[in-house]
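Going by our numbering, the first residue of the sequence shown is number 2, and it counts up by one from there.
Data block below; observations after.
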Amino acid sequence: MSTVQTPTASAIALPPGPRIRKALQGAAFAFSRRRFMHGMADRYGDAFSLYVPVYGAMVVVASPQLAKQVFTASPDVLGNIQPNLSRLLGSGSVFALDSDDHRQRRRLLAPPFHGKSIKNYESIIEEETLREIAAWSEGSAFPTLPSMMRITLNAILRAVFGAEGAALDELRRIIPPWVTLGSRLATLPKPSRTYGRYSPWGRLAHYRRRYDAVVDKLIDDERSDLNFENRNDVLAMLLRSTYEDGSSMSRKDIGDELLTLLAAGHETTASTLGWAFERLSRHPDVLTALAAEAGAGDNELRQAAILEVQRHRTVIDAAGRHVHAPSFELGEWSVPRGHTIIVSISRLHADPELFADPDRFDPQRFIGAKPPSFAWLPYGGGARRCVGAVFANMEMDVVLRTVLRHFTIETTDAPGEKFHSRGVAYTPKDGGRIVVRRR
Ligand code: HEM
């Protein structure tokens with residue numbers, strides 16, 4: 002429960018935290034965030050304080066009760082973490098919006114991502130998967146991650162941007178290097194100037210200009226399409242929708258938002274799929290059962306396996322908020338205005354009190370059982386919960402089904418791949434390597 006109150010020195014009570022120098026805490030957070038946060042939770046329990054440059058004073062929580070408090074707090078009390086990806090995506094991104102502006106934007110963004118609209122995109126995902134896996138070679142190990150990156154990128158460019166032809170080609174060219182660079186810069190301080198076209202921030206600005214030109218053309222082409230009213234790509238739906246006062250999204254906001262959907266939805270989904278192949282190739286029983294199920298046209302086990310990959314190999318390890326109210330009552334603590342609050346998602350997923358034998362990859366734990374709320378949180382929670390969760394789940398389901406129907410995956414007893422941070426998402430370090438044979 003959150004209360005807004007005037008802070009006094011005695012009202013502020015923060016959980017314990019390490020006494021090591023702020024710079025060291027910052028370095029540990031920047032270079033080994035996941036391991037550092039889990040280590041701190043081992044030492045201090047479900048809530049601890051840190052100081053991390055860029056984000057400042059921070060409280061990290063790792064219990065369902067505290068996560069629930071954070072995620073269900075009023076958006077006026079807890080806003081989005083500061084700074085966030087809108088530094089790279091633009092002020093029109095949903096990441097940049099809080100309170101009422103955020104609520105209104107979510108009303109526009111939600112309908113294209115409802116189950117009914119998502120059905121339309123299944124054939125695009127299947128087509129993109131078939132195209133990509135046609136080039137897979139048999140009998141020698143290769144990393145699945147680059148393939149998954151191409152599938153999820155093309156899926157978003159077609160289903161969300163409605164891109165085709167020259168526009169699709171140009172976006173395919175500029176986006177992969179741009180996303181890689183953006184992910185690396187995402188958690189670093191942004192300089193006040195770009196230092197020229199060949200500096201990292203200058204290169205980001207250059208990509209952005211090329212991107213804006215393509216999106217401008219896409220919007221013009223869609224509006225002049227005789228079939229505009231029936232188009233079901235997300236861009237068309239955004240162009241047709243209006244806010245409560247009857248106004249529409251500006252071109253700049255649409256450009257920022259499409260980029261947000263791409264940045265949020267491309268690497269995350271591809272990384273989870275990379276982990277799925279890494280996990281399945283090490284679990285022969287699950288793999289055999291999944292292949293039989295894909296042949297029979299069911300998906301109960303596949304759905305459970307997806308939930309379990311997301312628990313066991315969580316790609317976004319944390320979700321964050323910024324305290325806007327004078328203070329926020331969090332369990333026995335009182336966190337002052339300006340603090341960052343982080344929910345350590347990956348730590349919750351590894352808690353033996355929430356998931357029995359958490360180090361074991363076991364999709365059976367989700368057969369006939371819903372994932373526990375505020376414990377299974379790969380998509381975050383509350384008013385800012387991932388808008389693309391249903392899309393991502395459908396996409397992973399279709400990609401896995403298609404691969405399992407066309408290939409047998411060889412199993413291996415090699416040790417599991419390590420976690421590798423790409424800046425935002427955690428991927429399997431060797432890219433989710435597998436060996437396949439065509440069926
Ligand atoms: C497996 C894939 C994905 C994972 C693990 C994932 C995870 C997340 C997480 C943890 C958040 C933050 C939630 C919070 O702060 O409480 C988020 C937000 C978001 N995600 Fe996803 N996501 C995935 C796929 C997608 C896809 C496919 C899209 C769209 C095409 C998408 C669009 C967004 C957007 C727009 C937000 C910001 C929501 C807001 O601030 O209101 N995500 N996602």
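For glycine and all other residues, C-beta sits at the position ideal for the given N, C-alpha and C.
- Message: Do residue 276 and residue 310 have their beta-carbon atoms positioned less than 9 Å apart in this structure?
- Response: Their beta carbons are under 9 Å apart, which means residue 310 touches residue 276 by this criterion.
- Item | Residues near residue 345 by beta carbon distance below 6 Å, same chain, minus five either side | Spatial neighbours of residue 345 in its own chain (CB-CB distance under 6 Å, excluding positions within 5 residues in sequence) are listed in chain order as 38, 61, 63, 319.
- When the Cα of residue 172 is compared with those of 69, 70, 218, which residue comes out closest? Looking at the Cα atoms, 218 is the closest of the given residues.
- Query: Straight-line CA distance for residue 45 to residue 16?
  - Reply: Going by the C-alpha atoms only, they are around 9 Å apart.
- Separation of residue 227 from residue 145, as counted between CA atoms: It is roughly 39 Å from the alpha-carbon of residue 145 to the alpha-carbon of residue 227.
- Query: Taking Cβ positions, are residue 94 and residue 234 nearer each other than 9 Å?
  - Reply: In this structure, residue 94 lies away from residue 234, with their beta-carbon atoms at least 9 Å apart.
- Task: With DSSP as the reference, please indicate the residues paired to residue 51 in a beta bridge.
- Result: Under DSSP, residue 51 forms a beta bridge with 59.
- Would you be able to state if there are at least three C-beta pairs under 8 Å between the stretch 396 to 413 and the stretch 96 to 104? Contact between the stretch 96 to 104 and the stretch 396 to 413 is absent, with fewer than three C-beta pairs closer than 8 Å.
- Around the C-beta of residue 32, are 16 or more other C-beta atoms found within 10 angstroms, so that it is buried, or is it exposed? Exposed, because fewer than 16 other Cβ atoms sit within 10 Å of the Cβ of residue 32.
- Would you kindly check if the distance between the Cβ of residue 76 and the Cβ of residue 355 is under 9 Å? Residue 76 sits away from residue 355, with the two beta carbons spaced by 9 Å or more.
- Query: Is residue 21 buried or exposed, if buried means 16 or more other CB atoms sit within 10 Å of its CB?
  - Reply: Exposed, by the Cβ-count rule.
- Quick one: what's residue 341 bridged to in DSSP? As DSSP reads the structure, residue 341 sits in a beta bridge with 59, 323.
- Task: Kindly examine the ligand HEM and report whether one of its heavy atoms sits closer than 8 Å to the Cβ of residue 356.
- Result: No - the ligand HEM has no heavy atom lying nearer than 8 Å to the Cβ of residue 356.
- Cβ neighbour criterion (16 or more within 10 Å) applied to residue 429: It counts as buried.
- Task: Tell whether a beta-carbon distance below 9 Å holds between residue 422 and residue 34.
- Result: Yes.
- Query: Who pairs with residue 421 in a beta bridge, going by DSSP?
  - Reply: Partner residues in the beta bridge of residue 421, as assigned by DSSP, are 428.
- Does DSSP put residue 236 in a helix, a strand or coil? Reduced to three states, the DSSP call for residue 236 is helix.
- Message: Rounded to the nearest angstrom, what separates residue 281 and residue 340 at their Cα positions?
- Response: Looking at the two C-alpha atoms, the distance is approximately 40 Å.
- Query: Which class does residue 111 belong to by DSSP, given the choice of helix, strand or coil?
  - Reply: Looking at residue 111 - three-state DSSP - the assignment turns out to be coil, as it is neither helix nor strand.
- Query: Which of helix, strand or coil does DSSP assign to residue 5?
  - Reply: Because the pLDDT of residue 5 is 44, which lies under 50, any placement of that residue in the model is unreliable, and the question is left without a value.
- Task: Using DSSP bridges, identify the partner residues of residue 335.
- Result: Answer is 14, 330, bridged to residue 335.
- What is the DSSP secondary structure of residue 81, reduced to helix, strand or coil? Reduced to three states, the DSSP call for residue 81 is strand.
- Item | Beta-carbon gap between residue 242 and residue 249 smaller than 9 Å | Yes, these two residues count as a Cβ contact at 9 Å.
- Query: residue 23 to residue 30, Cα distance in whole Å?
  - Reply: If you draw a straight line from the Cα of residue 23 to the Cα of residue 30, it comes to about 10 Å.
- Query: Applying the criterion that 16 or more other CB atoms from any shown protein chain within 10 Å of the CB defines a buried residue, is residue 439 buried or exposed?
  - Reply: Burial check for residue 439: the Cβ neighbour count within 10 Å stays below 16, so the residue is exposed.
- Task: Identify whether residue 104 lies in helix, strand or coil by the three-state DSSP scheme.
- Result: Under the three-state reduction of DSSP, residue 104 is assigned to helix.
- Task: Compute the distance between the beta-carbons of residue 166 and residue 232, then report whether it is under 9 Å.
- Result: Residue 232 is positioned such that its CB atom lies no closer than 9 Å to that of residue 166.
- Message: To the nearest angstrom, how far is the alpha carbon of residue 313 from that of residue 143?
- Response: Each residue's alpha carbon lies about 22 Å from the other.
- Task: May I have the straight-line CA-CA distance separating residue 274 from residue 392, to the nearest angstrom?
- Result: Annotation: residue 274 to residue 392 spans about 14 Å, alpha carbon to alpha carbon.
- Cβ pair residue 426, residue 184 closer than 9 Å: Taking 9 Å as the Cβ cut-off, residue 426 and residue 184 qualify as a contacting pair.
- Comparing the CB of residue 330 with every heavy atom of the ligand HEM, is any distance shorter than 8 Å? Residue side-chain check: residue 330 keeps its Cβ at 8 Å or more from all non-hydrogen atoms of the ligand HEM.
- Message: Is residue 311 a contact residue of the ligand HEM, with contact defined as CB to any heavy atom under 8 Å?
- Response: At least one heavy atom of the ligand HEM is nearer than 8 Å to the Cβ of residue 311, so yes.
- Can you give the Cα-Cα distance for residue 9 and residue 324, rounded to whole angstroms? With a pLDDT of only 49 at residue 9, under the threshold of 50, the placement of this residue in the model should not be trusted; the figure read from the coordinates follows. Each residue's CA atom was taken as its position, placing residue 9 and residue 324 some 16 Å apart.
- Using 10 angstroms around the beta-carbon of residue 3, count the other beta-carbons present and answer buried if the total reaches 16, otherwise exposed. Confidence is the limiting factor: at residue 3 the pLDDT is only 42, short of 50, which leaves the residue's position unreliable and the question unanswerable from this model.
- residue 388 beta carbon less than 9 Å from that of residue 411: The Cβ atoms of residue 411 and residue 388 do not sit closer than 9 Å to each other.
- Task: Drop a sphere of 10 angstroms on the beta-carbon of residue 6, count the other beta-carbons inside from all chains shown, and report buried for 16 or more, exposed for fewer.
- Result: Low local confidence applies: a pLDDT of 45 at residue 6 is under 50, so the model's placement there is unreliable, and no value is given.
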